[in-house]
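Going by the numbering used here, the residue at position 20 of the sequence shown is 77; the numbering climbs one at a time, nothing skipped.
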Amino acid sequence: MEWIIFAFIFGAALVWFIVWLRNKQLSLKWYEWLVGGLGILLLIGSVQHYLGSLREDYATPGAIGALIFGLPALILLALAWQLVVRRTKTQPN
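Set out below in structure tokens:
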């Protein structure tokens, strides 16, 4: 049940993000979407691994797995953000 709620919240956040991009008149390149999407997938996998491990009473392996999946997720999300910021700064207005 919690994954249905999570999917609804994720879908609403994705729609809000796309509307926000259009209001700011920003467009993302395909590789920025790809890097950001991979980062989001890794982040979702990290949360799922941690919560699943807690449900099975394996807190330490869950935290280690969340760290293993979470750090690359944060790096990919930061990379996607920097790609967009640097590309938009170099474009003339």
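The C-beta atom is built at its ideal place from N, Cα and C for all residues, glycine as well.
| field | Proximity to L85 [Cα-Cα], best of K146, V141, T147, A69 | value | V141
| query | Within this structure, are the beta carbons of G192 and L100 separated by less than 8 Å? | reply | The chain is shown from 58 up to 150; residue 192 falls before or after that span and cannot be answered.
| request: Run the CB neighbour count on V76, radius 10 Å, all protein chains shown included, and call it buried at 16 or more, exposed below. | output: exposed
| task | State yes or no: is the C-beta of L136 within less than 8 Å of the C-beta of V104? | result | no
| message | Using only CA atoms, which one of G68, I62, H106, Q82 lies nearest to Q148? | response | Q82
| Which one of E59, I132, Q139 has the shortest CA to CA distance from G96? | I132
| said: Rounded to whole angstroms, what is the Cα-Cα separation between A64 and M58? | reply: 10 Å
| Is it true that the CB of A123 sits closer than 8 Å to the CB of H106? | yes
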